[in-house]
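In the numbering used here, the protein residues as written are 18 to 225.
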């Protein structure tokens, strides 16, 4: 173990993730990460939103259901949140934990530690939803100078496996309009050849 990471565990996770399709274009597409979350949540569930910013996810959830307990976590103390530090959560576990476009702003060491902490905070039947920019997209990750660590879909899966998660599903995020479908059909041979993609984001769903 070095720099806070068990690299042998990471390698085992990568090996397990090698069963994924070899090309990004083979990964299924969803409209948004919120679509995934709304399909997972059940009445009475509790959800922790990591990197909640202005709590916009709460507003969305209230618009579709009023029967979910929402909790927010963010390091920005200028905004009202339930938690400002993962260490402050000592008396509660959650049905669902989400971190939407958060891990690209973190180091690999911190992301690995975050996944392990999320695993600890989930109820036995809980699941986690992680979204991040799709590094196979030509510019999505690289155009933001605050992004630190890129995660390919198989690397993200491997990290989740190494943290103890299983039944991991990976999706690409793209609201496909008719013109997008036509463009994909035209350019799909080139996309496959260059291993690039038009979907700006990926999202992983995993269970403990």
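By construction, the Cβ of each residue, glycine as well, lies at the ideal position given by its N, Cα and C atoms. Just so it is clear, the structure is predicted and the values come from calculations on it, not from any experiment.
Looking at residue i: is its Cβ nearer than 7 Å to the Cβ of residue j?
i	j	result
residue 84	residue 110	no
residue 181	residue 116	no
residue 143	residue 225	yes
residue 122	residue 163	yes
residue 106	residue 221	no
For the candidate residues the options, whose alpha-carbon lies nearest to that of residue i?
i	options	result
residue 216	43, 181, 86	43
residue 161	170, 150, 61	150
residue 170	159, 163, 164, 186	186
residue 152	81, 127, 172, 145	172
Hey, quick one: how far does the beta strand (DSSP E) through residue i stretch, first residue to last?
i	result
residue 90	86–90
residue 219	218–224
residue 271	An answer regarding residue 271 cannot be provided, because it is not within the stretch 18 to 225 covered by the chain.
residue 79	Looking at the DSSP string, residue 79 is not in any beta strand (DSSP E); the run it does join, the alpha helix (DSSP H), is 73–81.
Rounded to whole angstroms, what's the CA-CA distance from residue i to residue j? Just pull it up for me.
i	j	result
residue 65	residue 167	24 Å
residue 100	residue 108	12 Å
Excluding five sequence neighbours on each side, which residues of the same chain lie with their C-beta closer than 6 Å to the C-beta of residue i?
i	result
residue 63	86, 111, 112
residue 18	A caution first: residue 18 carries a pLDDT of 43, below 50, which makes its placement in the model unreliable, though a value can still be read off. So no residue of the chain qualifies.
residue 74	66
residue 103	134
To which residues of the same chain is residue i closer than 7 Å at the C-beta, ignoring the five residues directly before and after it?
i	result
residue 71	96
residue 77	51
residue 79	none
residue 98	69, 89, 90, 91
residue 46	188, 189, 191, 193, 216
For the alpha helix (DSSP H) that contains residue i, what are its first and last residues?
i	result
residue 171	170–179
residue 51	50–57
What residues in its chain sit with their C-beta under 8 Å from that of residue i, if we drop five residues either side in the sequence?
i	result
residue 227	Outside the shown range of the chain, which is 18 to 225, sits residue 227, and nothing can be said about it.
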